[in-house]
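Single-structure report; data block below.
In our numbering, the protein residues as written are 16 to 324.
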C-alpha cells in the first residue's frame with residue numbers, strides 16, 4: 016500500500032489512536048481537544064482524510080464506527096524519515112520492482128543485478144519471518160563509498176562496510192566495492208535486518224546479524240571454516256550474548272560466522288519457524304526451546320564440527 020503524507024493536524028488524530036485504538040468519532044474528538052480547541056466538523060474531516068489515505072479503518076460490527084490505525088507509530092515515523100532522506104539525497108526513482116524502489120545512482124548494471132533477485136528474496140524472507148511490509152522498501156545507491164560511510168554516520172569505516180540501514184531505507188556503496196560477496200546478497204542481508212528491527216527493535220545483536228546472514232545467504236563454507244578455526248575460543252553462548260553494535264569488533268571476532276552457524280544449528284534442530292520465535296523472545300534461547308544450556312552448547316559445537324570444520 017502506498018501511503019500519502021500525514022499533515023501535522025492528522026498526526027494529532029493518529030497519536031490519539033495509537034494510544035487508544037477502537038475509538039468512536041466522539042471519543043477521538045474528546046481526546047484530541049484535551050490539547051486543542053478544534054470544531055467537531057474539523058476533526059471529522061481529518062478522520063475522513065486518514066481513512067481515504069489508508070491510515071485508518073473502522074469496525075463495522077457496532078452501532079457507531081470504532082476507528083483503529085492500520086499502521087504502527089514506528090512505521091509512520093520511519094516513512095516520514097524516508098521522505099526527508101530522499102528529499103536530501105535525491106528522490107528520483109530509477110527502478111521500481113514489486114517490493115522495492117531504487118534511488119540514487121542510476122547505474123544500469125547495478126540495478127539489473129539487484130532487481131534480478133530482490134523480489135524473490137523479499138518473498139522468501141518475509142514468508143519465513145511472517146512479516147508483511149506496509150510499503151515498498153526504498154534503496155539508495157550512493158555514487159561513492161565515502162558518501163555511503165558519511166550517510167551511515169561512520170566516515171572512517173573500513174572498506175568492507177558497504178551496505179546498511181538508516182533513516183528507514185537501505186543504503187549501498189557502488190557496485191565495484193562488492194568484491195567478496197554479491198551486491199544482491201548484501202541487499203538481502205540488510206533487508207532482513209530492517210524486518211527484524213520492525214518486529215523487535217531490541218533483538219540482540221548476534222541474532223540480528225546471524226539471522227540476516229543466514230537468510231541473506233552470503234557466507235560460504237570456506238570463509239566460515241577459516242574464521243572458526245582462528246576463533247574457536249569464541250564458540251560459546253556467552254560470547255554470542257556479549258556482542259554489541261560494533262561492526263569492527265564483531266567482524267574481527269568471527270561474529271558473523273559464529274552467529275550464522277548458531278542460527279544454522281537452531282534451524283537444523285528446531286525448524287525454520289524457530290527464527291521468528293527467537294526474534295519475538297530472544298533473551299533465553301535454551302528456555303524458549305526447552306533445552307538445557309549445556310546440552311545446547313554441546314550440540315552446537317558438534318554441529319559446527321560436523322558441518323563446517
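Glycine included, C-beta positions come from ideal geometry on N, C-alpha and C. Computed from a prediction, not measured in an experiment: that's the story for all the values here.
For my contact list, residue i and residue j are in at a C-beta cut-off of 8 Å; report their separation, rounded to the angstrom.
{"i": "residue 104", "j": "residue 155", "result": "6 Å"}
{"i": "residue 319", "j": "residue 254", "result": "In fact, because the Cβ distance is near 13 Å, the residues do not count as touching under 8 Å."}
{"i": "residue 179", "j": "residue 210", "result": "Actually they do not touch by this definition, with Cβ atoms about 15 Å apart."}
{"i": "residue 97", "j": "residue 182", "result": "7 Å"}
How far does the beta strand (DSSP E) with residue i in it extend, from its first residue to its last?
{"i": "residue 180", "result": "178-181"}
{"i": "residue 71", "result": "71-74"}
{"i": "residue 115", "result": "115-119"}
Drop a sphere of 10 angstroms on the beta-carbon of residue i, count the other beta-carbons inside from all chains shown, and report buried for 16 or more, exposed for fewer.
{"i": "residue 108", "result": "exposed"}
{"i": "residue 233", "result": "buried"}
{"i": "residue 170", "result": "exposed"}
{"i": "residue 189", "result": "buried"}
{"i": "residue 243", "result": "buried"}
{"i": "residue 78", "result": "exposed"}
{"i": "residue 27", "result": "buried"}
{"i": "residue 260", "result": "exposed"}
{"i": "residue 144", "result": "buried"}
{"i": "residue 16", "result": "A caution first: residue 16 carries a pLDDT of 48, below 50, which makes its placement in the model unreliable, though a value can still be read off. It counts as exposed."}
{"i": "residue 126", "result": "buried"}
{"i": "residue 308", "result": "exposed"}
Of the residues the options, which one's Cα is nearest the Cα of residue i?
{"i": "residue 287", "options": "94, 69, 85, 142", "result": "142"}
{"i": "residue 312", "options": "251, 282, 92", "result": "251"}
{"i": "residue 299", "options": "223, 260, 219", "result": "219"}
{"i": "residue 31", "options": "151, 111, 44, 93", "result": "44"}
{"i": "residue 326", "options": "56, 246, 70, 291", "result": "The displayed coordinates of the chain run from 16 to 324. Any statement about residue 326 would go beyond what the structure contains."}
{"i": "residue 92", "options": "144, 174, 51, 20", "result": "20"}
{"i": "residue 270", "options": "71, 249, 62", "result": "249"}
{"i": "residue 122", "options": "224, 187, 262", "result": "187"}
{"i": "residue 50", "options": "73, 63, 37, 24", "result": "24"}
{"i": "residue 293", "options": "278, 228, 306, 307", "result": "278"}
{"i": "residue 75", "options": "231, 39, 69, 256", "result": "39"}
{"i": "residue 316", "options": "71, 280, 114", "result": "280"}
{"i": "residue 158", "options": "118, 46, 194, 306", "result": "118"}
{"i": "residue 347", "options": "120, 247, 306, 133", "result": "No answer is possible for residue 347: the residues shown for the chain start at 16 and end at 324."}
{"i": "residue 283", "options": "301, 302, 314, 86", "result": "314"}
{"i": "residue 202", "options": "217, 83, 135, 147", "result": "135"}
Run through the DSSP bridge pairs and tell me what residue i is partnered with.
{"i": "residue 110", "result": "117"}
{"i": "residue 203", "result": "Looking at the DSSP assignment, residue 203 forms no beta bridge with any residue, so it has no partner."}
{"i": "residue 38", "result": "82"}
{"i": "residue 156", "result": "119, 187"}
Since residue i is in the alpha helix (DSSP H), which residue starts that stretch and which ends it?
{"i": "residue 290", "result": "289-295"}
{"i": "residue 301", "result": "300-303"}
{"i": "residue 281", "result": "270-285"}
{"i": "residue 257", "result": "252-257"}
{"i": "residue 192", "result": "It is not in any alpha helix (DSSP H) - residue 192 carries neither H nor E in the DSSP assignment."}
{"i": "residue 61", "result": "55-68"}
{"i": "residue 93", "result": "88-104"}
{"i": "residue 221", "result": "220-231"}
{"i": "residue 265", "result": "262-267"}
{"i": "residue 239", "result": "236-245"}
Is residue i close to chain B, meaning its C-beta is less than 8 Å from at least one C-beta of that chain?
{"i": "residue 324", "result": "Among the chains in the structure shown there is no chain B, since it carries only a single protein chain."}
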